[in-house]
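Notes to accompany the following structure.
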Amino acid sequence: MPEESLRLFFSYSHKDEALRDELAKHLTILEWQGVISSWHDRKILPGEEWDHQINDNLNTADIILLLISSDFLFSKYCWDVEVKKAIERHNAREACVIPVILRSVDWSGAPFGKLQALPKNAEPVVSRNWHNQDEAFTDVARGIRAAAEKLKKERDEQQKQEAERLRLRKQEEENRKLQQEQERLRLLEQQQADRLKRQEAERLRRQQEQEQANKLQRQREQEKANKLRQQQQSTGKDLLSEKGVDYTRLRDLLKAENWKEADKETLAVMLKATGREQEGWLDYKSIDNFPCADLRTIDQLWVKYSDGHFGFSVQKRIWESVGKDYEKFAHRIGWRKGMFFNKNWLSYSDLTFTRNSPQGHLPAATGMDVGVGWLFGVVGRGGVEWLGGGFDGDGG
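The letter at position 328 of the sequence shown is residue 329 when you use my numbering, and the numbering goes up by one with no holes.
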């Protein structure tokens, strides 16, 4: 994995831009070698917020160069923003701040006054003491290289120390887990030894518990059967069932005129009476063999609490009055619109669950949608005719 370059930030006055460019050229070899990657405000692209870009790069720089001159000290932005932030990060050991003296100026007492400056002896780049500016910038570049290598070495050492701390922490965690596992195994062995000592007594105890549980189960089953028998006896003749179905909820829903829930409950009790609760719908065989007492109970409840407006026997009379014509029958009880075969049948959600619906509109739920499927199942197909002949409202 390639090492990440150190980020270098130029803090300078635009009047020293030419000198900054010359310094950048002398730092080119460091960029090629991947030691640094430099940034200055001239790299801000059109349309970008310059203040945001400067702050972002200043806050993430590893090395901050302060290019000192009279114009730099005169710049309010350089002094109030960049120098202030640079010194804060330097004191927090987050970045290395290096003053680079470009032109002669009195900078004693400045916030960066105690920092080692470049070139050597803080001799300004623009000075007759240098043979030429290249000599001065070469000295600055060497100083920056030395600072970068020192900073990188310190960070490498910090990373090694952090890696070592993580390794030791991981080792401690592994040792702790190992001790826990050893303790767990010791306890497990002790428990196993104890179980071996109690094995015969435990076997006898479980056998006694199983016998007692079987006895309690038989008692519960007997109590349940007695309770069911008492419920069947207490419900009276109005809620008779050949299959032990409880019609109390259906009665209560119809009494409260909750027609929609009563319609759903009708399907539920019919499925229970035919043993088709898992299938969730009635087939022709189950309809043909539906227990008469249960059919009579369901119909009488619907007729009673709807004042003769709903019920199977009501639907039977309408069926016979239209000459057992599917289309006329469905039209009369409001299950379809129009008179064209197999068109305009209403879906279950389109039914009207009020007394204002047509006579015989309910019950309707049989596990199929309203329409031909329901009609064929309940009215008759293949010899099955509840309404047409198998049921007269008085018996099965």
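For glycine and all other residues, C-beta sits at the position ideal for the given N, C-alpha and C.
Residues bridged to residue i (per DSSP)
{"i": "LEU363", "result": "Its beta-bridge partners do not exist; DSSP assigns none."}
{"i": "PRO411", "result": "Any question about residue 411 goes unanswered here, given that the chain covers just 2 to 397."}
{"i": "PHE11", "result": "LEU66"}
{"i": "ILE37", "result": "LEU7"}
{"i": "VAL98", "result": "ILE65"}
{"i": "GLU119", "result": "At residue 119 the sequence reads Leu, which differs from the Glu that was named. Answer by DSSP bridge pairing, in chain order: VAL101."}
Buried or exposed by the 16-neighbour rule on C-beta atoms within 10 Å, applied to residue i
{"i": "SER322", "result": "exposed"}
{"i": "TYR306", "result": "buried"}
{"i": "ARG43", "result": "exposed"}
{"i": "TRP108", "result": "buried"}
{"i": "ALA274", "result": "buried"}
{"i": "ALA202", "result": "exposed"}
{"i": "ASP351", "result": "exposed"}
{"i": "PHE291", "result": "buried"}
{"i": "TRP375", "result": "Caution applies to TRP375, whose pLDDT of 44 falls short of 50 and renders its modelled position unreliable; the value that the coordinates give is listed next. With 16 or more Cβ atoms within 10 Å of its Cβ, TRP375 is classed as buried."}
{"i": "LEU68", "result": "buried"}
{"i": "ASP264", "result": "buried"}
{"i": "LEU197", "result": "exposed"}
{"i": "SER348", "result": "exposed"}
{"i": "LEU272", "result": "buried"}
Residue i and residue j closer than 9 Å at C-beta
{"i": "PHE313", "j": "ILE334", "result": "no"}
{"i": "ARG8", "j": "ALA62", "result": "yes"}
{"i": "PRO125", "j": "ARG104", "result": "yes"}
{"i": "GLY66", "j": "LEU24", "result": "Residue 66 is actually Leu in this sequence, not Gly. In contact: LEU66 and LEU24 (Cβ atoms closer than 9 Å)."}
{"i": "LEU283", "j": "ARG252", "result": "no"}
{"i": "GLN360", "j": "PHE311", "result": "yes"}
{"i": "ALA123", "j": "VAL84", "result": "no"}
{"i": "VAL141", "j": "VAL82", "result": "no"}
{"i": "ILE64", "j": "GLN54", "result": "no"}
{"i": "PHE10", "j": "TRP40", "result": "yes"}
{"i": "PHE113", "j": "HIS27", "result": "no"}
{"i": "LEU254", "j": "ARG297", "result": "no"}
{"i": "VAL36", "j": "ALA118", "result": "no"}
{"i": "GLY270", "j": "VAL304", "result": "Going by the sequence as given, residue 270 is Val instead of Gly. Cβ distance not < 9 Å, so VAL270 and VAL304 don't count as in contact."}
{"i": "LEU116", "j": "HIS91", "result": "yes"}
Span separating the alpha-carbon of residue i from that of residue j
{"i": "LEU20", "j": "TRP51", "result": "22 Å"}
{"i": "VAL127", "j": "LYS171", "result": "56 Å"}
{"i": "LEU205", "j": "ALA214", "result": "14 Å"}
{"i": "ALA294", "j": "ALA365", "result": "20 Å"}
{"i": "SER1", "j": "LYS154", "result": "Residue coverage of the chain in this structure runs from 2 to 397, which leaves residue 1 outside it and unanswerable."}
{"i": "ASP195", "j": "GLN180", "result": "22 Å"}
{"i": "HIS132", "j": "ILE99", "result": "23 Å"}
{"i": "ARG285", "j": "LEU268", "result": "For the record, residue 285 in the displayed sequence is Tyr; it is not Arg. Their Cα atoms are separated by approximately 15 Å."}
{"i": "GLY144", "j": "LYS86", "result": "22 Å"}
{"i": "ALA93", "j": "GLN193", "result": "59 Å"}
{"i": "SER358", "j": "LYS244", "result": "32 Å"}
{"i": "GLU174", "j": "CYS79", "result": "50 Å"}
{"i": "ARG356", "j": "GLN316", "result": "15 Å"}
{"i": "ASP72", "j": "GLU163", "result": "43 Å"}
{"i": "LYS338", "j": "GLN220", "result": "57 Å"}
{"i": "LYS261", "j": "PHE354", "result": "6 Å"}
{"i": "LYS16", "j": "ASP22", "result": "12 Å"}
{"i": "SER6", "j": "GLU95", "result": "16 Å"}
{"i": "LYS161", "j": "LEU152", "result": "14 Å"}
{"i": "TYR248", "j": "ASN259", "result": "15 Å"}
{"i": "TRP336", "j": "HIS362", "result": "7 Å"}
{"i": "PHE330", "j": "GLY324", "result": "9 Å"}
{"i": "ASP135", "j": "LEU31", "result": "16 Å"}
{"i": "ARG177", "j": "PRO47", "result": "58 Å"}
{"i": "LYS77", "j": "ARG166", "result": "44 Å"}
{"i": "GLY276", "j": "GLU266", "result": "15 Å"}
{"i": "GLU1", "j": "GLN191", "result": "Since the displayed the chain opens at 2 and closes at 397, residue 1 lies outside it and no answer follows."}
{"i": "GLN159", "j": "ASP57", "result": "24 Å"}
{"i": "GLU222", "j": "ALA257", "result": "34 Å"}
{"i": "GLU49", "j": "VAL106", "result": "34 Å"}
{"i": "ASP308", "j": "ASP289", "result": "28 Å"}
{"i": "ILE319", "j": "GLU328", "result": "12 Å"}
{"i": "GLY281", "j": "TRP346", "result": "22 Å"}
{"i": "SER38", "j": "THR29", "result": "9 Å"}
{"i": "SER12", "j": "LEU169", "result": "42 Å"}
{"i": "ARG187", "j": "ARG199", "result": "19 Å"}
{"i": "SER287", "j": "GLN211", "result": "40 Å"}
{"i": "GLU184", "j": "ARG207", "result": "30 Å"}
{"i": "LEU217", "j": "GLN209", "result": "12 Å"}
heavy atom of the ligand SAM below 8 Å from residue i C-beta
{"i": "THR355", "result": "In the structure shown, the ligand SAM is absent, as is every other ligand, since no ligand is present at all."}
Minimum Cβ-Cβ distance from residue i to chain D less than 9 Å
{"i": "LYS329", "result": "The displayed structure is made up of one protein chain only, and chain D is not part of it."}
(request) Pick out the complete alpha helix (DSSP H) segments inside the region 322-352, 4 residues or longer, and give them in chain order. (result) 327-333
(message) Please give me, in chain order, every unbroken run of the alpha helix (DSSP H) with length at least 4 that falls completely inside the region 240-299.
(response) 249-256, 260-275 and 285-289
(request) Would you mind listing the beta strand (DSSP E) stretches within the region 155-183 that are 3+ residues and don't spill past its ends, in chain order? (result) none
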